[in-house]
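Numbering (the numbering used here), first residue to last: 684 to 1018.
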């Protein structure tokens, strides 16, 4: 067996181990630190037109948190002084933020690549009639949620009527070049329905491509499998169903040291709707923000881009979700 990869880290014997995940890293002779930042992931708010059972943001129509235009402009100004190549816009349904299009246009004006984490049904919401054309015009990469190619599983997780709208949305995006043109990538996201790990990503992708093409004439580029994180709405479901301890044990028993090198927290910087800085979107939902010497939250514009690699990554029990099995990230399986 190939020995675990050793990652550069400033950990010393005098540094206290704060949680079980850190202990497992040490026992596996693995150490974790940020690599050069490649992706700036911006969570522009928690308002969404759907209420999904697996949602780690606990997003929904009643949420009011939304990034202001002033905060967006401060983030774009900071970005302009960096070499970060990709901006990943998420939510909620990020398109419901009133300044979503302004953010896309501002980032594209810097010559950076933009990704939109789209739930597909948003394309048919009132006021969003031109959204698909806007995304295509600006060559925004779309990462779209579709937990299954069959209606039953999708609607169990995302709500009645979501599957039919999602299929229509994908067909619309195909007519605009998505999934066909290299400048308009279209990726789908699979989350398991229930308390288990995703199946093999490559095999699922093949099945998705065959079924969606045969049944609906839909094409797409990649399928990303993402492990459900035991936090927020999915965590509450685990507790109510009595599956919380079993799911945690499942993640722990399937810890894969080979997944550590590809963890998204090493190369992604996550920003909350007020501008606070996090290692990942999951840490954001657990309020594990970067803080200054006075334990106050740090905001992106307070950071020197050159200092990012020196900061330790904040971890917790939930990190087993990203290192179980084939690993999990916003870009799908890690192995």
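For each residue, glycine too, the CB sits at the ideal point set by N, CA and C.
In the three-state DSSP reduction, residue 715 falls in the coil class, being neither helix nor strand.
In the displayed model, residue 832 falls within coil according to three-state DSSP, outside both helix and strand. Assigned with DSSP and collapsed to three states, residue 850 falls in helix. Straight across, the Cα-Cα distance linking residue 807 with residue 711 is about 48 angstroms.
Around the beta carbon of residue 953, 16 or more other beta carbons lie within 10 angstroms, which makes this residue buried. Bridge partners of residue 724 according to DSSP: 771 and 953. Counting along the chain, the unbroken beta strand (DSSP E) around residue 798 starts and ends at 796-801.
By the neighbour-count definition (other C-beta atoms within 10 Å, threshold 16), residue 760 is an exposed residue.
Residue 823 counts as buried, since no fewer than 16 other beta carbons sit within 10 angstroms of its beta carbon.
Taking the CA atoms as reference points, residue 902 sits about 50 angstroms from residue 976.
Within its own chain, the residues whose Cβ lies closer than 7 angstroms to the Cβ of residue 804, once the five positions on either side in sequence are excluded, are 732, 733, 845, 848, 849 and 852, listed in chain order. Membership of residue 783 in the alpha helix (DSSP H) is indicated by the continuous run 783-792.
In the DSSP assignment, residue 759 falls within the alpha helix (DSSP H) that extends over 752-762. Excluding its 5 nearest sequence neighbours in each direction, residue 911 has C-beta neighbours in its own chain below 7 angstroms: 737, 874, 875 and 917, listed in chain order. Taking all protein chains in view, the Cβ of residue 867 is crowded by 16 or more other Cβ atoms within 10 Å, so the residue is classified as buried.
Checking the DSSP bridge columns, you'll see residue 825 partnered with 799 and 869. Here residue 779 is actually not in contact with residue 827; their C-beta atoms are around 16 angstroms apart, not less than 8 angstroms. DSSP, reduced to helix, strand and coil, places residue 816 within a helical segment of the structure shown. When the five nearest sequence neighbours on each side are left out, the beta carbons in the same chain lying within less than 8 angstroms of the beta carbon of residue 821 are those of 787, 788, 791 and 797, in order along the chain. Where residue 933 is concerned, the enclosing alpha helix (DSSP H) starts and stops at 927-936. A Cβ-Cβ separation of about 7 angstroms places residue 1011 in contact with residue 1017 under the 8 angstroms criterion. By the C-beta density criterion, residue 943 is buried, having at least 16 other C-beta atoms within 10 angstroms.
Check the Cα spacing between residue 705 and each of 926, 750, 856 and 938: the tightest is with 938.
Partner residues in the beta bridge of residue 730, as assigned by DSSP, are 743. Beta-bridge annotation (DSSP): residue 960 is paired with 954.
Looking at the DSSP output, residue 906 sits in a beta bridge with 871. Here DSSP, grouped into helix, strand and coil, assigns residue 1004 to helix.
Per the coordinates, the alpha-carbon of residue 946 lies some 34 angstroms from the alpha-carbon of residue 811. Residue 974 is bridged by DSSP to 980.
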